[in-house]
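**Q** Before we start, here is the structure in question, set down as structure tokens.
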Amino acid sequence: MIRFEHVTKRYADGTTAVDGLSFEVAEGELVTLVGPSGCGKTTTMKMVNRLIEPTEGRIFLDGDDISAIDPVQLRRRIGYVIQQVGLFPHKTVLENTATVPHLLGWKRQKGRARAAELLDLVGLDPSVYGDRYPEQLSGGQRQRVGVARALAADPPVLLMDEPFGAVDPVVREHLQNEFLKLQEQVRKTVLFVTHDIEEAVRLGDRIAVYGQGSIEQFDTPATVLGAPANAYVADFVGADRGLKRLSVTPVEESDLDRPPVVHLDDPLSTATERLRAEGARWAVVLDGDEHLHGWIAADDTRTGSKGTVRDHARRMEAWLPLGAPLKQAFATMLQHDAGWIAVIDEAGEGRFLGVLTPARLHEALRRSVGADGRAVPRAEVEVESVAGAAGL
Numbered sequence: 070m071i072r073f074e075h076v077t078k079r080y081a082d083g084t085t086a087v088d089g090l091s092f093e094v095a096e097g098e099l100v101t102l103v104g105p106s107g108c109g110k111t112t113t114m115k116m117v118n119r120l121i122e123p124t125e126g127r128i129f130l131d132g133d134d135i136s137a138i139d140p141v142q143l144r145r146r147i148g149y150v151i152q153q154v155g156l157f158p159h160k161t162v163l164e165n166t167a168t169v170p171h172l173l174g175w176k177r178q179k180g181r182a183r184a185a186e187l188l189d190l191v192g193l194d195p196s197v198y199g200d201r202y203p204e205q206l207s208g209g210q211r212q213r214v215g216v217a218r219a220l221a222a223d224p225p226v227l228l229m230d231e232p233f234g235a236v237d238p239v240v241r242e243h244l245q246n247e248f249l250k251l252q253e254q255v256r257k258t259v260l261f262v263t264h265d266i267e268e269a270v271r272l273g274d275r276i277a278v279y280g281q282g283s284i285e286q287f288d289t290p291a292t293v294l295g296a297p298a299n300a301y302v303a304d305f306v307g308a309d310r311g312l313k314r315l316s317v318t319p320v321e322e323s324d325l326d327r328p329p330v331v332h333l334d335d336p337l338s339t340a341t342e343r344l345r346a347e348g349a350r351w352a353v354v355l356d357g358d359e360h361l362h363g364w365i366a367a368d369d370t371r372t373g374s375k376g377t378v379r380d381h382a383r384r385m386e387a388w389l390p391l392g393a394p395l396k397q398a399f400a401t402m403l404q405h406d407a408g409w410i411a412v413i414d415e416a417g418e419g420r421f422l423g424v425l426t427p428a429r430l431h432e433a434l435r436r437s438v439g440a441d442g443r444a445v446p447r448a449e450v451e452v453e454s455v456a457g458a459a460g461l
């Protein structure tokens, strides 16, 4: 969708902002450009909509050389969101959102209907906020309007220049979550500029880490964190990059242990026998549809053999969906002081899949990217874990 071929931007005073950039962004991909101030990331983004013209090289949008496209027409094909939003103070929220459809000649009713649809999509009820003016909104609400305006004409490409940088950390995290949900629905091709590695890791399908005018590494968040290309990247992503990898490594079914399972209507004696046979201290309790209900401890089954599991089962306080980040799993374990957490398949109507333990969490993190950037097979991880536990 977006392709840079040997692109350089050199100013009249001899300053080279970017030097020999070559990379591609696939359709529907969200790529974050991250680096310190003055590294060339914003220059890169502004060359896509020709706010800045390259000195050398070519940039393609959906196969078309953008140098051959009228700049105004090009910009109307590209959504653009900046940190200060840039809403027109004399126009209402609905009018601001409908700006590009209006410029493209859409009928007024169609433009307003589209604007209302987008406001609703970003979490702003058009019946409540549509007639308000920018000064009547909070910073976070103005950013939502900015995103809605950028999407109003349904552009295939979205350029975002530190759009959440001017709001406080709590609002920023909320906006990031909302934007990820929105991106799942609209699947735009996005270039997202940020100086915050945490934001880049959280949002990006891939990350371009900038040095001084060049890309030092262009890869998935897990690879950038697990196998930095050089000392510069390692220093930029931080010494705690192992912890950051928790945010980008999902829980997979192969990470789970399968504990003893009993059902609500099983006789208590069945639970006792199963726990004894497997040498376990607890079992997961499912209902008749194989949905997670809770758990039962071995001590609960020693009160006698009368009754059913239902009489002694404890409700499950927390669980995770398959695919949740390991960071969420780790945080949930700490919050509930738990030695394991149940995992369900939300796509499969809540079917119980297994449990994640701290040992399995560690294996999943190590397997995601090895020290040399390769995938580590489970067998190798397990052998190393056993050896470590034995002090070998």
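So the sequence shown is numbered by the numbering used here: it starts at 70 and just counts up by one. Glycine included, every Cβ here is placed at the ideal spot set by N, Cα and C.
1) Any chance the segment 276-292 sits against the segment 128-136, with 3 or more Cβ pairs inside 8 Å?
2) Closest to I121 by C-alpha separation, out of Q245, V76, V94 and K250, would be which residue?
3) Roughly how far, in whole angstroms, is the beta-carbon of P329 from the beta-carbon of R343, given that I think they are within contact range, below 8 Å?
4) So does the segment 184-204 actually touch the segment 153-163, counting three or more Cβ pairs closer than 8 Å?
5) Per the DSSP calculation, P394 is bridged to which residue(s)?
6) Indicate whether I151 and M229 have their beta-carbon atoms separated by less than 9 Å.
7) Count the C-beta pairs between the segment 180-189 and the segment 130-148 that are closer than 8 Å, then say yes if the count reaches three, no if not.
8) On a CA-only basis, which of G392, D274, H360 and Y301 is nearest L325? Give me that one, please.
9) Would you call the segment 232-249 and the segment 210-218 touching, i.e. three or more CB-CB distances under 8 Å?
10) Need the endpoints of the beta strand (DSSP E) that H75 sits in, please.
11) Leaving out the 5 sequence neighbours to the left and right, which residues in its chain are closer than 6 Å to S106 when beta-carbon positions are compared?
12) Which one of H362, R144, P390 and E386 has the shortest CA to CA distance from R379?
13) Excluding the 5 residues preceding and the 5 following L173 in the sequence, name in chain order all residues of the same chain whose CB lies nearer than 8 Å to its CB.
14) Identify, in the order they occur along the chain, each residue of the same chain with its Cβ nearer than 8 Å to the Cβ of L294, setting aside the five sequence neighbours on each side.
15) Compute the minimum distance between the beta carbon of R379 and the heavy atoms of the ligand COA, and state whether it is under 8 Å.
16) Enumerate in chain order the residues of its own chain whose CB-to-CB distance from V331 is below 7 Å, with the five nearest sequence positions on each side excluded.
17) Output needed for Y80: all residues of its chain with C-beta closer than 8 Å, excluding positions within five of it in sequence on either side, in chain order.
18) Determine the contact status of T101 and L251, defining contact as a CB-CB distance below 9 Å.
19) Of all the options R436, D139, A167 and T113, which has the alpha carbon lying nearest to the alpha carbon of A296?
20) Is it the case that the Cβ atoms of L156 and N118 are separated by a distance below 9 Å?
21) Less than 6 Å between C-beta atoms, sequence neighbours within five positions excluded: which residues of the same chain meet that for R72?
**A** By the coordinates alone:
1) The segment 276-292, when compared against the segment 128-136, does not touch it at the 8 Å Cβ threshold.
2) Residue V76 is the option with its Cα nearest to I121.
3) Taking C-beta atoms under 8 Å as the contact rule, P329 and R343 qualify, at a distance of about 5 Å.
4) Result yes; three or more Cβ-Cβ pairs closer than 8 Å.
5) When beta bridges are read from the DSSP output, P394 appears opposite P319.
6) Taking 9 Å as the cut-off, the beta carbon of I151 is found closer than this to the beta carbon of M229.
7) Judged by Cβ distances under 8 Å, the segment 180-189 makes no contact with the segment 130-148, as fewer than three pairs qualify.
8) Among G392, D274, H360 and Y301, the Cα nearest to that of L325 belongs to G392.
9) The segment 232-249 vs the segment 210-218: in contact.
10) Where H75 is concerned, the enclosing beta strand (DSSP E) stretches over I71 to R79.
11) Same-chain partners within the cutoff: there are none.
12) Looking from the CA of R379, the closest CA among H362, R144, P390 and E386 belongs to H362.
13) Answer for L173: R145 and A222, listed in chain order.
14) Scanning its chain for C-beta atoms nearer than 8 Å, with the 5 sequence neighbours on each side dropped, one finds around L294 the residues V270, V306, R310, G311, K313, R314, V317 and V438, in chain order.
15) Looking at this structure, you won't find the ligand COA or any other ligand, since it has none at all.
16) Taking C-beta separations shorter than 7 Å and ignoring five residues to either side along the sequence, the partners of V331 in its chain run T339, A340, R343, A352, V354, I365 and V378, following chain order.
17) Apart from the 5 residues on each side of it in sequence, Y80 sits with its Cβ closer than 8 Å to the Cβ of A86 in its chain, given in chain order.
18) In this structure, T101 sits away from L251, with a CB-CB distance that is not shorter than 9 Å.
19) Comparing C-alpha distances from A296 to each of R436, D139, A167 and T113 shows the shortest one belongs to R436.
20) In this structure, the beta-carbon distance from L156 to N118 does not fall below 9 Å.
21) Cβ neighbours of R72 beyond the five flanking positions: E93 and F129.
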